[in-house]
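Undergrad: Before I ask anything, here is the structure I am working with.
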Amino acid sequence: TLRLICTTTTAVQKKNVGASGPEKYTEAFIKKQIEEFNLGKRHLANMMGEDPETFTQEDIDRAIAYLFPSGLFDEQARPVMKHPNEVFPEQRKIQWGEDGRPFNFLFYTGKQSYYSLMHETYEKLLNVQKHQDQLIAQDLPLQKEKRNLAGSRWLTKIELEEMLLEKVSDDDYSRFIQLLQKLVALPCADIEEKYIQKFSKEVPVQLQKVVIEPLQYDERGVAFSTGEGKRKTARATAVVYDNGTGKITVNGIDILHYFPVLQDREQLLFPFQFLGRIGKHDTVCTVSGGGRSAQAGAMRLATAKALRSFVTEKEVEFMRQAGLLTVDPRVKERKKPGQEGPRRKFTWKKR
Amino acid sequence: DDKLLTEPLRHPDFFNVKELFTLKDLFDARVHLGHKKGCRHRFMEPYIFGCRLDQDIIDLDQTMQHLQLALNFTAHVAYRGGIILFVSRKRQFCHLVESTARACGEYAHTRYWQGGLLTNAHIQFGPGVRLPDLLIFLSTLNNVFEPHVAIRDAAKMNIPTVGVVDTNCNPCLISYPIPGNDDSPAAVELYCKLFRMTIIRAKDKRRHSEAMEELR
Numbered sequence: 115t116l117r118l119i120c121t122t123t124t125a126v127q128k129k130n131v132g133a134s135g136p137e138k139y140t141e142a143f144i145k146k147q148i149e150e151f152n153l154g155k156r157h158l159a160n161m162m163g164e165d166p167e168t169f170t171q172e173d174i175d176r177a178i179a180y181l182f183p184s185g186l187f188d189e190q191a192r193p194v195m196k197h198p199n200e201v202f203p204e205q206r207k208i209q210w211g212e213d214g215r216p217f218n219f220l221f222y223t224g225k226q227s228y229y230s231l232m233h234e235t236y237e238k239l240l241n242v243q244k245h246q247d248q249l250i251a252q253d254l255p256l257q258k259e260k261r262n263l264a265g266s267r268w269l270t271k272i273e274l275e276e277m278l279l280e281k282v283s284d285d286d287y288s289r290f291i292q293l294l295q296k297l298v299a300l301p302c303a304d305i306e307e308k309y310i311q312k313f314s315k316e317v318p319v320q321l322q323k324v325v326i327e328p329l330q331y332d333e334r335g336v337a338f339s340t341g342e343g344k345r346k347t348a349r350a351t352a353v354v355y356d357n358g359t360g361k362i363t364v365n366g367i368d369i370l371h372y373f374p375v376l377q378d379r380e381q382l383l384f385p386f387q388f389l390g391r392i393g394k395h396d397t398v399c400t401v402s403g404g405g406r407s408a409q410a411g412a413m414r415l416a417t418a419k420a421l422r423s424f425v426t427e428k429e430v431e432f433m434r435q436a437g438l439l440t441v442d443p444r445v446k447e448r449k450k451p452g453q454e455g456p457r458r459k460f461t462w463k464k465r
Numbered sequence: 006d007d008k009l010l011t012e013p014l015r016h017p018d019f020f021n022v023k024e025l026f027t028l029k030d031l032f033d034a035r036v037h038l039g040h041k042k043g044c045r046h047r048f049m050e051p052y053i054f055g056c057r058l059d060q061d062i063i064d065l066d067q068t069m070q071h072l073q074l075a076l077n078f079t080a081h082v083a084y085r086g087g088i089i090l091f092v093s094r095k096r097q098f099c100h101l102v103e104s105t106a107r108a109c110g111e112y113a114h115t116r117y118w119q120g121g122l123l124t125n126a127h128i129q130f131g132p133g134v135r136l137p138d139l140l141i142f143l144s145t146l147n148n149v150f151e152p153h154v155a156i157r158d159a160a161k162m163n164i165p166t167v168g169v170v171d172t173n174c175n176p177c178l179i180s181y182p183i184p185g186n187d188d189s190p191a192a193v194e195l196y197c198k199l200f201r202m203t204i205i206r207a208k209d210k211r212r213h214s215e216a217m218e219e220l221r
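These protein sequence lines map, in sequence, to chains A and B.
The opening residue of the first sequence carries number 115 in the numbering used here; numbering runs sequentially from there.
The opening residue of the second sequence carries number 6 in the numbering used here; numbering runs sequentially from there.
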């Protein structure tokens, strides 16, 4: 054509990231890849001695793992045979027809899908306003059903990019979200509910309420409950029985023999003392790992958790505020190079 | 095929665009209203009829002539299957201009103009792009009241331009300027209607002529 004033050769062409640049893979190339993949699948099935017709993707994965065993750590670095549509990223095909006329009417803006989306959304906004005007002219009341905004969120920028198949900048994304919010804010927005739902997602309500297990009853009819606790490297499980005398057994040994030190026994008794139930419960515990103090702390947490089932919700709240139900996060800090310990530095010598 | 292309060029007004508008239509759509005397551009003085209470009034007789020439030109371009690009940077009329372009089957650009769209097209769009054959400006100024970059770029790329020039615009590089108001909604709606009707008329005529040729 006569108008090509500034032409460049393909070698000099720089990939303009984000724009509808030259196609990375032509349609013919991808078609050829699909044919080769199908042929390869049949060959593979033949090699493994299975039926080529009913050879699924899982069979392919297994066959490849068998024929090319790889000790590589990264799963994505191992040999893989997948359908070309999954391997090559989805991209837009050539935007114009044979006579050179582009398909989309906003092609010459550069960001055709984003701007056509904005155009459509603005059109919906105008529709809603027109509908509102009609209702006002007829003196009818405007609908006031409030949409539940708490359980939904708008699409993220990355999701929008995937939807439009082109890069969207932060400014453009925020403008689009503002337009959607403007649309939703109008009273008669229910007309375009279906359109808005395309861009909103449900947020699963996170229920983080801790479930207190109910009391269980053993063969003799005595109520009991279990709890688990940990502290540093020690792990403990405690079973607290009702109608007891206040005996505590650890790993089959009485606490007087297991914990010679008074401080550890005090730690064990603290939950009962706090609730005022010292002589009323029997406890059987198993504990492993850690040291003397750590095991005591782990067992204290385990008994406190077990006692939750015997006690009212208010007292559970008191226990939580006293710190009986919180896992102690302190662990041994690592030693750093260039220092003697976690914090201690080497002796400083002046010369 | 040759006859199809040369036949319209023999008549001065092959598509009869004169009947689409009258002076009264232009007056009712407030096309004659310009900006204040202080905003006047020096090169627009030939097109101004006078000044009333500091507001410039555009000469509608000259507007009629220019409008007829411009519409005739767009009709010829559309008849030959050229790509027409509507450009306007007025936010009020962005949606209207885009809908007009869509209705005609042509293209629009009412958003931020990226620097190398016309001059760097082969890198921005890909090799083998076809550039627009005509640019129609519904407003020659951009949001900072400076001449739109597309006027200069189209002149660089040898693309003819048709543009509505207001009293504060520079009509220099535009091939077919139309002196007139570009701020009132009534005026812009009138322009959109006129362009839409000419382009549709031209395309229909082309299809009609091709069908007649095939019948023979």
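We put the beta carbon where it would ideally sit given N, CA and C, even for glycine.
#1: Roughly how many angstroms lie between the CA atoms of Gly214 of chain A and Arg135 of chain B, to the nearest whole one?
#2: Skipping 5 residues on each side, what residues in its chain have a beta carbon closer than 8 Å to that of Met433 of chain A?
#3: Classify Asn222 of chain B: buried if its beta carbon has 16 or more other beta carbons within 10 angstroms, exposed otherwise.
#4: If you measure from the beta carbon of Ile88 of chain B to each beta carbon in chain A, is any gap under 8 Å?
#5: So if DSSP puts Gly343 of chain A in a beta bridge, which residue, or which two residues, is it bridged to?
#6: Should Leu10 of chain B be flagged as near chain A, meaning a C-beta pair shorter than 8 Å?
#7: Compute the Euclidean distance between the alpha carbons of Asn148 of chain B and Gln97 of chain B, then round it to the nearest angstrom.
#8: For Leu195 of chain B and Asp30 of chain B, which I take to be in contact (beta-carbon distance under 8 Å), what is that distance rounded to the nearest angstrom?
#9: Looking at the secondary structure, which residues open and close the alpha helix (DSSP H) in which Ala191 of chain B lies?
#10: Taking all protein chains shown into account, do 16 or more other C-beta atoms lie within 10 angstroms of the C-beta of Cys177 of chain B, making it buried, or fewer, making it exposed?
#11: How should Val375 of chain A be labelled, buried or exposed, when 16 other C-beta atoms within 10 angstroms of its C-beta is the threshold for buried?
#12: Under a three-way DSSP split, which group does Ile144 of chain A fall into?
#13: Is Glu103 of chain B close to chain A? Criterion is C-beta to C-beta, closer than 8 Å.
#14: Could you confirm whether any beta carbon from chain B is found closer than 8 Å to the beta carbon of Arg289 of chain A?
#15: For Pro137 of chain B and chain A, any beta-carbon pair shorter than 8 Å?
#16: On a Cα-Cα basis, can you pick out the residue from B:Cys109, B:Phe130, B:Thr105, B:Leu76 that is closest to Ser180 of chain B?
#17: Using three-state DSSP, classify Val336 of chain A as helix, strand or coil.
#18: Comparing the C-beta of Leu233 of chain A with each C-beta of chain B, is any distance below 8 Å?
#19: Where do the N-terminal and C-terminal ends of the beta strand (DSSP E) with Lys41 of chain B fall, by residue?
#20: Return the chain-ordered list of same chain residues with a C-beta closer than 6 Å to the C-beta of Glu219 of chain B, the five sequence neighbours on each side being excluded.
#21: May I have a chain-ordered list of the alpha helix (DSSP H) segments no shorter than 4 residues that lie completely inside the stretch 170 to 258 of chain A?
#22: So for Ala34 of chain B, helix, strand or coil by DSSP?
#23: Locate the beta strand (DSSP E) running through Lys315 of chain A, then write down its first and last residues.
#24: Taking the continuous beta strand (DSSP E) assigned at Ile62 of chain B, which residues delimit it?
#25: Distance check for Asn125 of chain B and Asn163 of chain B, CA to CA, integer angstroms please.
#26: How many Å lie between Phe290 of chain A and Tyr309 of chain A at the Cα?
#27: Roughly how many angstroms lie between the CA atoms of Ala159 of chain A and Thr168 of chain A, to the nearest whole one?
#28: Is Arg35 of chain B close to chain A? Criterion is C-beta to C-beta, closer than 8 Å.
#29: With distances taken Cα to Cα, identify the nearest neighbour of Gln349 of chain A among A:Gly403, A:Thr235, A:Gly224.
#30: Give the secondary structure of Asp165 of chain A by DSSP, where H, G and I count as helix, E and B as strand, and everything else as coil.
#31: Report yes if the C-beta distance between Phe338 of chain A and Val364 of chain A is below 8 Å; otherwise report no.
#32: When the Cα atoms are used, what is the spatial distance from Glu429 of chain A to Gly452 of chain A?
#33: Which residue comes first and which comes last in the alpha helix (DSSP H) that contains His127 of chain B?
#34: What separation, rounded to the nearest whole angstrom, lies between the Cα atoms of Asp66 of chain B and Val169 of chain B?
#35: For the stretch 372 to 456 of chain A, which segments carrying the beta strand (DSSP E) assignment without a break, of at least 3 residues, lie completely within its bounds, in sequence order?
#36: DSSP on Lys464 of chain A, reduced to helix/strand/coil?
TA: In short:
#1: Cα to Cα, the separation comes out at about 5 Å.
#2: Within its own chain, the residues whose Cβ lies closer than 8 Å to the Cβ of Met433 of chain A, once the five positions on either side in sequence are excluded, are Pro385, Phe388, Leu389, Ala418, Leu421, Arg422, Val425, Leu439, listed in chain order.
#3: As displayed, chain B neither begins before 6 nor continues past 221, which places residue 222 of chain B out of reach and without an answer.
#4: Chain A contact via Cβ: present.
#5: Beta-bridge partners assigned by DSSP to Gly343 of chain A: A:Ala350.
#6: Leu10 of chain B does not count as touching chain A.
#7: Rounded to whole angstroms, Asn148 of chain B to Gln97 of chain B spans 11 Å at the Cα level.
#8: Cβ-Cβ separation between Leu195 of chain B and Asp30 of chain B: approximately 7 Å, consistent with a contact (criterion under 8 Å).
#9: Element bounds for Ala191 of chain B: 190 to 220.
#10: Exposed, because fewer than 16 other Cβ atoms sit within 10 Å of the Cβ of Cys177 of chain B.
#11: With fewer than 16 other Cβ atoms within 10 Å, it is exposed.
#12: Ile144 of chain A falls in the helix class under three-state DSSP.
#13: At a cut-off of 8 Å between beta carbons, Glu103 of chain B contacts chain A.
#14: Judged by the 8 Å Cβ criterion, Arg289 of chain A is not in contact with chain B.
#15: Output row for Pro137 of chain B: interface = yes.
#16: Checking every option, the nearest Cα to that of Ser180 of chain B belongs to B:Leu76.
#17: Note: Val336 of chain A maps to coil in three-state DSSP.
#18: Note that residue 233 of chain A corresponds to His in the displayed sequence, not to Leu. Answer yes: the Cβ-Cβ gap between His233 of chain A and chain B drops below 8 Å somewhere.
#19: First-last of the beta strand (DSSP E) with Lys41 of chain B: 38 to 41.
#20: Shown here for Glu219 of chain B: not one same chain residue has a beta carbon closer than 6 Å to its own, the five before and five after excluded.
#21: Every alpha helix (DSSP H) of 4 residues or more that sits fully in the stretch 170 to 258 of chain A is shown, in chain order, as 171 to 181, 198 to 201, 226 to 251.
#22: In this structure, Ala34 of chain B counts as coil in the three-state DSSP scheme.
#23: Bounds of the beta strand (DSSP E) holding Lys315 of chain A are 314 to 316.
#24: Where Ile62 of chain B is concerned, the enclosing beta strand (DSSP E) starts and stops at 60 to 63.
#25: Pairing Asn163 of chain B with Asn125 of chain B, the inter-Cα distance amounts to about 14 Å.
#26: Going from the Cα of Phe290 of chain A to the Cα of Tyr309 of chain A covers about 14 Å.
#27: Those two C-alpha atoms are separated by around 9 Å.
#28: Between Arg35 of chain B and chain A, the shortest Cβ-Cβ separation is not below 8 Å.
#29: Position check: residue 349 of chain A holds Arg in this sequence, whereas Gln was assumed. When each option's Cα is compared against that of Arg349 of chain A, the closest is A:Gly403.
#30: Residue state, collapsed to three classes: coil.
#31: Contact flag unset, no.
#32: Cα to Cα, Glu429 of chain A sits roughly 49 Å from Gly452 of chain A.
#33: Judged by DSSP secondary structure, His127 of chain B falls within the alpha helix (DSSP H) whose first and last residues are 126 to 129.
#34: For Asp66 of chain B and Val169 of chain B, the distance between alpha carbons rounds to 15 Å.
#35: Within the stretch 372 to 456 of chain A, the runs of beta strand (DSSP E) that reach at least 3 residues and sit entirely inside it are, in chain order, 396 to 402.
#36: Of the three classes helix, strand and coil, the one that applies to Lys464 of chain A here is coil, per DSSP.
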